[in-house]
Amino acid sequence: MPFDPEASGITLLLIDSRAPHRHATGEYAQRRASCERAAAVLQVSSLRDVDDLSALAAIGDPLDARRARHVLTENQRVLDFTAALAVSDFAEAGRLLTASHASMRDDFDITTEHLDLIADTAVRSGALGARMTGGGFGGCVIALVPDGRVGDVEQAVRRMVRDAGYEQPLVSRTHAAAGAGPG
4 MPFDPEASGI
14 TLLLIDSRAP
24 HRHATGEYAQ
34 RRASCERAAA
44 VLQVSSLRDV
54 DDLSALAAIG
64 DPLDARRARH
74 VLTENQRVLD
84 FTAALAVSDF
94 AEAGRLLTAS
104 HASMRDDFDI
114 TTEHLDLIAD
124 TAVRSGALGA
134 RMTGGGFGGC
144 VIALVPDGRV
154 GDVEQAVRRM
164 VRDAGYEQPL
174 VSRTHAAAGA
184 GPG
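In this text, residue positions in the sequence shown follow the working numbering: the first is 4, and each later residue adds one.
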């Protein structure tokens, strides 16, 4: 799908929290096991095969149900995000990024207070949306920012991170590029 942020007046701002990932805690394996249990209860090989959120009521464990809800709603958000970008609806794309972060925080439990602070501050200071990227438990936030608000967002994030006592983030503008292509 073609998307040229620069021609659209939009910047993809990458904010590296510089917080190390907490990989050693086994959290990734716990999320996988939770999703596998939910899929077994729902009698599907993969949660992507569930197309009705009401089916999650059959999952007895509330934690497994929350994590399954994240997977189902995140799959739909990805489709909706792609559709929003295809028609240059950046407000909707931003809303979806922010909803994704909230789901990762509230249902999948993979964000940190540090990442939440960065994402929330980015949105409050002018980003159309922001979310954690990667597997969670540390790392980066990506924000969809109108070109004219990039400085405001960066300044606000740096100030809030400093005031909270965290290490200053690395902030960079990203650029879409074609893939490497065949050999």
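Note that CB positions come from ideal geometry on N, CA and C, so glycine has one too.
Model, not experiment: these values are computed from the prediction.
6 angstroms CB neighbourhood of Q46 in its chain, flanking five on each side removed: No residues qualify anywhere along the chain.
So, for G142: in the same chain, excluding its five sequence neighbours on each side, which residues have a beta-carbon less than 8 angstroms away from its beta-carbon? Shown here for G142: same chain residues with a beta carbon closer than 8 angstroms to its own, the five before and five after excluded, namely D19, S20, A22, H24, L118, M135 and T136 in chain order.
In terms of residues, what are the limits of the beta strand (DSSP E) holding P149? C143 to P149 is the span of the beta strand (DSSP E), which, as asked, contains P149.
Identify whether R176 lies in helix, strand or coil by the three-state DSSP scheme. The answer is strand: DSSP assigns R176 an E or B state.
When the Cα atoms are used, what is the spatial distance from S48 to M107? One alpha carbon belongs to S48, the other to M107, and they sit about 22 angstroms apart.
Spell out a yes or no on whether the segment 82 to 96 and the segment 60 to 69 are touching, meaning 3 or more CB-CB pairs, one atom from each, closer than 8 angstroms. Under the 8 angstroms Cβ criterion, the segment 82 to 96 does not count as touching the segment 60 to 69, having fewer than three qualifying pairs.
Cα-Cα separation between A87 and V44, rounded to whole angstroms: Between A87 and V44, the C-alpha separation is close to 33 angstroms.
Contact test: D110 Cβ vs the ligand MN heavy atom, cutoff 6 angstroms: Looking at this structure, you won't find the ligand MN or any other ligand, since it has none at all.
Identified DSSP bridge partners for G132: According to DSSP, G132 bridges with L147.
Count the C-beta pairs between the segment 34 to 44 and the segment 142 to 152 that are closer than 8 angstroms, then say yes if the count reaches three, no if not. The segment 34 to 44 vs the segment 142 to 152: no contact.
Exposure label - V174; buried when at least 16 CB within 10 Å: Flag for V174 reads buried.
If you drop the 5 nearest sequence neighbours on each side, which residues of the same chain put their C-beta closer than 6 angstroms to that of G97? So the list reads L131, G132 and L147, once near-sequence residues are dropped.
Proximity below 7 angstroms, CB of A122 to CB of V160: Contact: no.
Between V153 and T14, is the Cβ-Cβ spacing less than 7 angstroms? Yes. Within cutoff.
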